[in-house]
Amino acid sequence: MYVIIVGAGKLGYKLAESFSHVNNNVVIVDTDNGALQRVSNHIDLLTVKANGVKLSVLEELGVKNADLLISVTSSDETNMLICTTAKKLGCKRVIARIRNPEYGNQMDFVKNKLEIDYIANPELETAKEITKYLLKGDAIHMEDFARGKVVMADFRVNSLNNMKGKKLKELEISKPVLIVAISRDGEMIIPHGDTELTQRDIIYVIGEKENINTFSKFWGAPVERKHVKKAMILGGGKAGFYLARKLIASGVSVKIIERNKERCKYLVEELNNALVIQGDATDQQLILDENISDMDALILLTGYDEENLLLSLLGKKYGVSKVIAKVSRPNYIPIIEQLGIDVAINPIMITAGGILRYVQGGKVESISMLLGGQAEVLEIIAPNNSKVIGVPLSKLELPKGIIIGAIVDNGKVTIPNGNSIINPGNRLVVFCLQSEISSLDKYFYRTKGGLLDELQKSFKGLRKSASI
Amino acid sequence: MNYRRVLKVLGSLLLFEALTLIPPLAISIYHNQHDRQAFLYTIAIILAFSIPMSLLPQKSNRIKAKEALSIVTLGWLLVAFFGSLPFVFSGSIPSVIDAFFETVSGLTTTGATIIEDIEVLPRGILFWRSFTHWIGGMGILVLTLAILPTIGVGGFQIFKAESPGPISDKLVPKMKDTAKILYSAYLGITVIQTVMLYFGGLSLYEALVHTFGTVGTGGFSTRNASIGAFNYSSYIIMVISFFMIASGVNFSLYYEMYKGRWRNVLKNSEFRAYMSIIFISVLLITVNLNGLYSSVFETFKHSLFQVASIITTTGYTTADFDQWNSFSKAILFTLMFVGGCAGSTGGSIKVIRLVILFKLVKREIKKILHPNAYVPIQINKKMVSNDVVASITSFFFLYLVIFAVGTLLISLEGVGFITASSAVAATLGNIGPGFEMVGPTMTYSHFSIPSKLLLSLMMLFGRLELFTIFVMLMPNFWINE
Numbered sequence: 001m002y003v004i005i006v007g008a009g010k011l012g013y014k015l016a017e018s019f020s021h022v023n024n025n026v027v028i029v030d031t032d033n034g035a036l037q038r039v040s041n042h043i044d045l046l047t048v049k050a051n052g053v054k055l056s057v058l059e060e061l062g063v064k065n066a067d068l069l070i071s072v073t074s075s076d077e078t079n080m081l082i083c084t085t086a087k088k089l090g091c092k093r094v095i096a097r098i099r100n101p102e103y104g105n106q107m108d109f110v111k112n113k114l115e116i117d118y119i120a121n122p123e124l125e126t127a128k129e130i131t132k133y134l135l136k137g138d139a140i141h142m143e144d145f146a147r148g149k150v151v152m153a154d155f156r157v158n159s160l161n162n163m164k165g166k167k168l169k170e171l172e173i174s175k176p177v178l179i180v181a182i183s184r185d186g187e188m189i190i191p192h193g194d195t196e197l198t199q200r201d202i203i204y205v206i207g208e209k210e211n212i213n214t215f216s217k218f219w220g221a222p223v224e225r226k227h228v229k230k231a232m233i234l235g236g237g238k239a240g241f242y243l244a245r246k247l248i249a250s251g252v253s254v255k256i257i258e259r260n261k262e263r264c265k266y267l268v269e270e271l272n273n274a275l276v277i278q279g280d281a282t283d284q285q286l287i288l289d290e291n292i293s294d295m296d297a298l299i300l301l302t303g304y305d306e307e308n309l310l311l312s313l314l315g316k317k318y319g320v321s322k323v324i325a326k327v328s329r330p331n332y333i334p335i336i337e338q339l340g341i342d343v344a345i346n347p348i349m350i351t352a353g354g355i356l357r358y359v360q361g362g363k364v365e366s367i368s369m370l371l372g373g374q375a376e377v378l379e380i381i382a383p384n385n386s387k388v389i390g391v392p393l394s395k396l397e398l399p400k401g402i403i404i405g406a407i408v409d410n411g412k413v414t415i416p417n418g419n420s421i422i423n424p425g426n427r428l429v430v431f432c433l434q435s436e437i438s439s440l441d442k443y444f445y446r447t448k449g450g451l452l453d454e455l456q457k458s459f460k461g462l463r464k465s466a467s468i
Numbered sequence: 001m002n003y004r005r006v007l008k009v010l011g012s013l014l015l016f017e018a019l020t021l022i023p024p025l026a027i028s029i030y031h032n033q034h035d036r037q038a039f040l041y042t043i044a045i046i047l048a049f050s051i052p053m054s055l056l057p058q059k060s061n062r063i064k065a066k067e068a069l070s071i072v073t074l075g076w077l078l079v080a081f082f083g084s085l086p087f088v089f090s091g092s093i094p095s096v097i098d099a100f101f102e103t104v105s106g107l108t109t110t111g112a113t114i115i116e117d118i119e120v121l122p123r124g125i126l127f128w129r130s131f132t133h134w135i136g137g138m139g140i141l142v143l144t145l146a147i148l149p150t151i152g153v154g155g156f157q158i159f160k161a162e163s164p165g166p167i168s169d170k171l172v173p174k175m176k177d178t179a180k181i182l183y184s185a186y187l188g189i190t191v192i193q194t195v196m197l198y199f200g201g202l203s204l205y206e207a208l209v210h211t212f213g214t215v216g217t218g219g220f221s222t223r224n225a226s227i228g229a230f231n232y233s234s235y236i237i238m239v240i241s242f243f244m245i246a247s248g249v250n251f252s253l254y255y256e257m258y259k260g261r262w263r264n265v266l267k268n269s270e271f272r273a274y275m276s277i278i279f280i281s282v283l284l285i286t287v288n289l290n291g292l293y294s295s296v297f298e299t300f301k302h303s304l305f306q307v308a309s310i311i312t313t314t315g316y317t318t319a320d321f322d323q324w325n326s327f328s329k330a331i332l333f334t335l336m337f338v339g340g341c342a343g344s345t346g347g348s349i350k351v352i353r354l355v356i357l358f359k360l361v362k363r364e365i366k367k368i369l370h371p372n373a374y375v376p377i378q379i380n381k382k383m384v385s386n387d388v389v390a391s392i393t394s395f396f397f398l399y400l401v402i403f404a405v406g407t408l409l410i411s412l413e414g415v416g417f418i419t420a421s422s423a424v425a426a427t428l429g430n431i432g433p434g435f436e437m438v439g440p441t442m443t444y445s446h447f448s449i450p451s452k453l454l455l456s457l458m459m460l461f462g463r464l465e466l467f468t469i470f471v472m473l474m475p476n477f478w479i480n481e
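These protein sequences, in sequence, are chains A and B. Residue numbers are given in full-length UniProt numbering: position 116 of the first sequence equals residue 116, and the series is strictly consecutive. Residue numbers are given in full-length UniProt numbering: position 53 of the second sequence equals residue 53, and the series is strictly consecutive.
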């Protein structure tokens, strides 16, 4: 696939990284040399210093042969213009980042008339993700796969009874669940039976939802469902706006604290029933006056990661049961786990995940990224003739970084062991380290194999790249 | 540093070298000459080292700048060492140091030789000697990149460290495909020249050997008189001149031609400067040498050939230019510091660097008149960033420093100043012949062992563009920070 990415910011970088792993040719366009340098030093792709909105630039890049163009510059209007131009020039699919709520009501028009295939709105997606978590009312953070049949939950070892210091094989697990990964000090570890758990660890567990609940009850994790009735949002930017609107629509009473007066005015006009308070979110007295300790949820959506992280600590201190912070920089993710925040939401990861899901279409059903993209959990429908079909897993010799967490066969969930066999059409929940993403292709999608096929493919690749 | 990864890539690289020893082996078997054992032993030794190395289990396959630099420098040293074994085993060059010098000279496409009488050597050995030019010309690691399964991101670092020129850019998104395109162009030029020389009356064997020497801008021949042995045929001399010039052009321009973007080729500032330098030098030398040869065409032919040979750093000769007027010799000596274009197989400083340096000087002059003028440095209508300009000025400075220090050290031999300085200029610039005692009719065999090692180092410095090796010589490269 030939992919053009316009804009080498945080999202552009993440997308470039995700796309260049597979058999794709990726070109990234930006006007800033420094940003391009950063990308080309870490990712195998072509960087072009140019303004992507110029027709001549798009033509020179061979946009008419491109399979996908993603425009993620800082301006919505530029993104729309680039996408529409690219589409008219013959690009197969175009994706634009459009984040301004003002355009929110005309998305259908943008999609149909401007012919933009997919619109990525990081703030809206962030708000959706937070709403989902808050309204589901689960005590633990879970991610759904296979239409909710399989979930993956993460537990902090020090919040569970008697788990620390044990080896995995010593754990008593009554119902089948699988511990696929351990995150320790910001690093993903693929555990085996002798891995000893420490109190700093977070474990990722895959299984059927009831079994996960049993697991969590057995180890003394909170299971009671508590509905969120009162929420406080710090930061009334775009994400705050979207979130407030969604929560209000579901009957939650919302309090927003926003610094900018103009912005407060806008929020009041656009949102019904929200209490908007103008003030500095870092002003502790103000938050106390607004009864932070009464809140069921505190959501930190200011523009600064640092502020969000510090304020979330404050929230925990005043006993708010659910604290969610928006953290955009992946560098902070390793520290976050040690801070005791319930959920750190990274808009970049969520948006990139959404785009990947859209692009992969049939092949991958859902993707979620963990720990700043160090690992991905994918839902794949096993195709006919691929390497994984019909062989016991122990014979398959999957790389260490790829784990099949669950197999769903006609609605029946199996937590696989070495003897499990995958049939065509099974839904697989696959855990995969970032470094092994490229091997996924080999095991799950490619049908033929061998040197000849490899050579043939490489010549095809050459011709394809020569046509750029 | 990820030593396992470095060892593994080096293992694959050596496996590759074993493969490249098969054509010379085939030739010596075909001619039933005694050197076939030498190749067989070498292949066996290489396999004994490389197979365990390439089978090393890997923890991670990340290649960072440090690993890439180690791979390139160590890779070149190892390939040169193992590549010198056939010379030693066959008895063609009994001394290990001499054989190493000859192989480094081959791989770095220098073409400086220590062999007094080439014509007595077996054919397989001579083929291997020239084949090293072809392998080293485009870069043996780039070749490995093109064929090895995904090295990925680290590949670009290796490419940057090995390919000549201040700015190495990929042509297409994937490093692997870029390497393939470059090698396709390289292979294409090789085939065309071989066919043309073959039709000029050379045997297929000699056509191939001289093509390797030309497209790799190396300079090894099968004749003691170099290309001078073919002076009877103006056709052969013109063909070789043409292909020397063609090999000094940035190979990405051939990709542009293939894509039909001729404008990009003709408007390319480096290409234009390169062609202008050749044109003016040929013109000046032809005028200066008027009357030395039988006709004006003969004079033109020899000056074109010598200019093309020196500027592209090939080192083939049709005439003993050491006997020329000093004005003509001065021009050739100056050309030794010009070299081919970036991204070509030529060595030395490279035209693009000089173009940028000239623009820098122009800017300084303009700034004296208009102190507040904003004068960006542009190449092909694109801004050259200050980082690149800084790296070019420091490269230029370092080049001159190494040249000066090298000349000082070689002077300890007691040879003349012209010999010492031109020997260093010719090895550092990967050219081959210099003046006086290292002139076109002479060899490097009379130097002492330390000098030969120093000159080998000069050749590697020149081929890998100074910094790649310099970084590795720094002690803190080896300290894990």
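Where a beta carbon is used, it is the ideal one built from N, C-alpha and C, also for glycine. Just so we're clear, the structure is a prediction, and the values are computed from it rather than from any experiment.
{"query": "Of all Cβ atoms in chain B, is any one closer than 8 angstroms to the Cβ of residue 498 of chain A?", "result": "Chain A is shown only over 1 to 468; residue 498 of chain A falls outside these bounds and no answer can be derived."}
{"query": "Would you call the CB atoms of M80 of chain A and L114 of chain A closer than 8 angstroms?", "result": "yes"}
{"query": "Name the DSSP beta bridge partners of Y133 of chain A, please?", "result": "According to DSSP, Y133 of chain A bridges with nothing at all."}
{"query": "Could you please tell me which residues of the region 167–195 of chain B, in chain order, have their CB closer than 7 angstroms to any CB of chain A?", "result": "K170, V172, P173, K174, M175, D177, K180 and I181"}
{"query": "What would DSSP say about T334 of chain B, mapped onto helix, strand or coil?", "result": "helix"}
{"query": "Using a Cβ-Cβ cutoff of less than 7 angstroms, which residues in the same chain neighbour A16 of chain A once the five nearest sequence positions on both sides are dropped?", "result": "I5, V26, I28, V39, I43 and L45"}
{"query": "Taking only beta-carbon atoms, is N33 of chain A less than 8 angstroms away from chain B?", "result": "yes"}
{"query": "What are the start and end residues of each continuous alpha helix (DSSP H) run of 4 or more residues lying completely inside the region 4–58 of chain B, in chain order?", "result": "22–30 and 36–54"}
{"query": "Out of curiosity, what's the CA-to-CA distance linking V9 of chain B and K64 of chain B?", "result": "13 angstroms"}
{"query": "By DSSP's criteria, M142 of chain A is part of a beta bridge. Which residues make up the other side?", "result": "A:A153"}
{"query": "Just tell me which of B:E67, B:F127, B:V355 and B:I237 has its CA closest to the CA of M275 of chain B.", "result": "B:V355"}
{"query": "Could you check how far apart the C-beta atoms of T214 of chain B and R463 of chain B are, in whole angstroms? I think they sit under 8 angstroms.", "result": "T214 of chain B to R463 of chain B, Cβ: 17 angstroms. No contact."}
{"query": "Return the residue from the list B:F435, B:T222 and B:F447 that minimises the CA-CA distance to Q323 of chain B.", "result": "B:F435"}
{"query": "Just to confirm before moving on: does the CB-CB distance between R427 of chain A and E376 of chain A stay below 8 angstroms?", "result": "no"}
{"query": "What does the alpha-carbon distance come out to for the pair G124 of chain B and A38 of chain B?", "result": "10 angstroms"}
{"query": "Helix, strand or coil for K387 of chain A per DSSP?", "result": "coil"}
{"query": "Is there at least one Cβ from chain B nearer than 8 angstroms to G90 of chain A's Cβ?", "result": "no"}
{"query": "Quick check: the Cα distance between K10 of chain A and I348 of chain A, rounded to an integer number of angstroms?", "result": "7 angstroms"}
{"query": "Is it true that the region 90–105 of chain A meets the region 50–69 of chain A, where meeting means three or more beta-carbon pairs spaced less than 8 angstroms apart?", "result": "yes"}
{"query": "By Cβ distance, which residues of its chain are closer than 6 angstroms to L398 of chain B, with the 5 residues on each side in sequence left out?", "result": "L466"}
{"query": "How about D294 of chain A and K246 of chain A: are their beta carbons less than 8 angstroms apart?", "result": "no"}
{"query": "How would you label D177 of chain B, buried or exposed, when you count the other beta carbons within 10 angstroms and need 16 or more for buried?", "result": "buried"}
{"query": "Residue range of the alpha helix (DSSP H) that V79 of chain B falls in?", "result": "A65 to F89"}
{"query": "Would the beta-carbon of N308 of chain A fall within 8 angstroms of that of A325 of chain A?", "result": "yes"}
{"query": "Just how far apart, CA to CA, sit A68 of chain B and V6 of chain B?", "result": "8 angstroms"}
{"query": "Tell me which residues of the region 362–385 of chain B have at least one Cβ-Cβ distance to chain A shorter than 7 angstroms, keeping chain order.", "result": "S385"}
{"query": "Where do the ends of the alpha helix (DSSP H) carrying S276 of chain B lie?", "result": "S269 to N288"}
{"query": "With a threshold of 16 other CB atoms inside 10 Å of the CB of F156 of chain B, please say whether the residue is buried or exposed.", "result": "buried"}
{"query": "Looking at the secondary structure, which residues open and close the beta strand (DSSP E) in which M232 of chain A lies?", "result": "K230 to L234"}
{"query": "How far does the alpha helix (DSSP H) with G207 of chain A in it extend, from its first residue to its last?", "result": "Looking at the DSSP string, G207 of chain A is not in any alpha helix (DSSP H); the run it does join, the beta strand (DSSP E), is I202 to E208."}
{"query": "Could you tell me how far apart the beta carbons of S50 of chain B and L14 of chain B are, in whole angstroms, since I believe they sit closer than 8 angstroms?", "result": "4 angstroms"}
{"query": "Per DSSP, what kind of secondary structure is I479 of chain B in: helix, strand or coil?", "result": "coil"}
{"query": "Using a beta-carbon distance cut-off of less than 7 angstroms, what residues from the region 259–282 of chain B approach chain A?", "result": "none"}
{"query": "Determine whether the beta carbon atoms of W134 of chain B and F230 of chain B lie at a separation below 8 angstroms.", "result": "no"}
{"query": "Where V282 of chain B and I237 of chain B are concerned, what is the direct C-alpha to C-alpha distance, given to the nearest angstrom?", "result": "15 angstroms"}
{"query": "Along chain B, which residues have their Cβ under 7 angstroms away from the Cβ of D67 of chain A?", "result": "Neighbours of D67 of chain A on chain B: none; closest Cβ ~13 angstroms, over 7 angstroms."}
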